[in-house]
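Below you'll find the structure, written out as structure tokens, and then a few comments.
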């Protein structure tokens with residue numbers, strides 16, 4: 024493939040989530056044009072229609088690269104509807120990889136620290152053997168493997184503890200609860216790296232451009248870890264949120280440390296979500312900023328800016344195009360991919376879901 028035009032043209036799969044909205048905001052600063060494909064044109068609950076919809080949208084945009092920002096992220100709910108989780112997190116990404124192969128375009132796929140087992144204290148590397156503790160992590164691992172198997176021209180970025188100025192996430196939950204309660208009990212023995220979706224979007228766009236500009240460099244493909252620099256516990260993260268909020272005149276609460284064992288949830292969570300990001304730094308020259316500084320940026324957005332200032336221009340395909348416009352591509356042959364059976368209605372493309380707070384005020388962390 025020849026070098027990309029300026030700007031880079033990016034088709035984002037999934038509209039309205041934290042990463043999708045962050046990509047749309049950060050794209051102009053990275054010399055990129057982003058178009059997001061979501062409902063009604065793209066419906067992850069019907070895998071057979073994913074390939075035709077993606078191929079038609081990519082050709083319409085003349086996309087240089089595809090980024091999958093859609094996922095099922097209801098960690099606890101996944102334990103009760105595993106087929107739904109595997110449909111959205113494994114079968115759907117397989118269809119996306121097949122479509123990218125048909126288009127001969129690179130694919131970036133976002134994954135999670137929850138593919139690892141959570142033992143020990145050493146940061147996980149990309150060479151470590153995954154061992155998911157819950158259905159959500161298992162479904163994401165199946166998606167990673169499918170993408171790698173079907174389309175080698177892909178990069179999988181595993182991240183952790185994603186938050187942003189948009190949607191539901193740990194930071195927004197803490198700010199809400201801090202306005203309702205004087206103190207909260209938060210788990211202190213799960214350790215990981217909070218990651219701003221804005222920083223993750225910058226990394227995705229940089230990796231996407233590298234894949235397009237260096238199509239034969241295999242070292243840029245494969246699995247990478249991408250998360251905020253530094254680590255903390257969920258309790259430490261909560262304290263940082265409240266300290267930053269108080270400094271800006273926002274809500275704050277006291278934080279009481281508790282163990283994971285004191286806050287049982289439907290799905291097991293890994294205690295060790297530390298990710299070694301050395302491979303991303305060595306091969307792509309990328310290191311995400313320290314999480315503390317990125318948290319300050321998000322808190323400024325949430326607490327100081329007028330709400331209108333955080334609006335993103337709406338160039339979502341799902342809002343501007345009629346459903347079914349890609350039907351002409353339906354007969355195209357695609358590489359093999361796994362399938363799954365839908366057994367229940369599927370929620371919309373959601374963002375990582377922290378465990379629901381208990382009446383006592385205990386809060387457990389979510390997942391990317």
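In this note's numbering, the protein residues as written are 24 to 391. A virtual CB, placed ideally from N, CA and C, is assigned to each residue, including glycine. Here the structure is a predicted model, which means the values were calculated and not measured.
- prompt: Do residue 207 and residue 320 have their C-beta atoms within less than 8 Å of each other?
  reply: Indexing the chain shown from 1 puts residue 207 at position 184. Indexing the chain shown from 1 puts residue 320 at position 297. Taking 8 Å as the Cβ cut-off, residue 207 and residue 320 do not qualify as a contacting pair.
- prompt: With respect to the alpha helix (DSSP H) encompassing residue 103, which residues constitute its N-terminal and C-terminal limits?
  reply: Translated into the one-based positions of the chain shown, residue 103 becomes position 80. Careful: residue 103 lies outside any alpha helix (DSSP H) and carries neither H nor E.
task: Assign residue 94 to one of three DSSP states: helix, strand, or coil.
output: In the chain shown, the residue the question calls residue 94 occupies position 71. Three-state result, residue 94: coil.
- prompt: Among 257, 191 and 227, which has the Cα closest to the Cα of residue 212?
  reply: For the purposes of this step, residue 212 is identified with residue 189 of the chain shown, where counting begins at 1. Among 257, 191 and 227, the Cα nearest to that of residue 212 is on 257.
- prompt: Going by DSSP, which residues form a beta bridge with residue 277?
  reply: Working through the chain shown from its first residue, we reach residue 277 at position 254. When DSSP reads this structure, residue 277 sits in a beta bridge with 206.
message: According to DSSP, simplified to helix, strand and coil, what is residue 307?
response: By 1-based counting over the chain shown, the position of residue 307 is 284. Helix at residue 307.
query: Are the C-beta atoms of residue 157 and some chain B residue less than 8 Å apart?
result: Of the protein chains in the structure, only one exists, and it is not chain B.
query: Given 8 Å as the limit, is there contact between the segment 226-236 and the segment 282-301, that is, 3 or more CB pairs closer than that?
result: no
query: Cβ atoms of residue 313 and residue 253: under 8 Å apart, would you say?
result: On the chain shown, residue 253 is found 230 positions in, with the first residue counted as 1. On the chain shown, residue 313 is found 290 positions in, with the first residue counted as 1. Yes.
- prompt: Do the CB positions of residue 81 and residue 89 come within less than 8 Å of each other?
  reply: In the chain shown, the residue the question calls residue 81 occupies position 58. In the chain shown, the residue the question calls residue 89 occupies position 66. Cβ distance < 8 Å, so residue 81 and residue 89 count as in contact.
Cβ-Cβ distance between residue 173 and residue 115 below 8 Å: Within the chain shown, residue 173 is the residue found at index 150, counting from 1. Within the chain shown, residue 115 is the residue found at index 92, counting from 1. No. Outside cutoff.
message: Using C-beta distances below 6 Å, list every residue in its chain close to residue 134, excluding the 5 sequence neighbours before and after it, in chain order.
response: As a first step, residue 134 is located in the chain shown; it is residue number 111 there, counting from the start. Taken in chain order, the residues that qualify are 163, 167, 179 and 181.
- prompt: So which of 187, 250, 70 and 237 has the shortest CA-CA distance to residue 87?
  reply: Numbered from its first residue, the chain shown carries residue 87 at position 64. Ranking 187, 250, 70 and 237 by Cα distance to residue 87 puts 237 first.
query: Beta carbon of residue 33, beta carbon of residue 220: below 8 Å?
result: Here residue 33 is taken as the residue at index 10 of the chain shown, counted from 1. Here residue 220 is taken as the residue at index 197 of the chain shown, counted from 1. Not in contact: residue 33 and residue 220 (Cβ atoms no closer than 8 Å).
query: Per DSSP, residue 186 forms a beta bridge with which residues?
result: For the purposes of this step, residue 186 is taken as the residue at position 163 of the chain shown. For residue 186, the pairing in a beta bridge is given by DSSP as 219.
message: In whole angstroms, give me the CA-to-CA distance for residue 273 and residue 307.
response: Numbered from 1 along the chain shown, position 250 holds the residue referred to as residue 273. Numbered from 1 along the chain shown, position 284 holds the residue referred to as residue 307. If I take the Cα positions, the gap works out to 38 Å.
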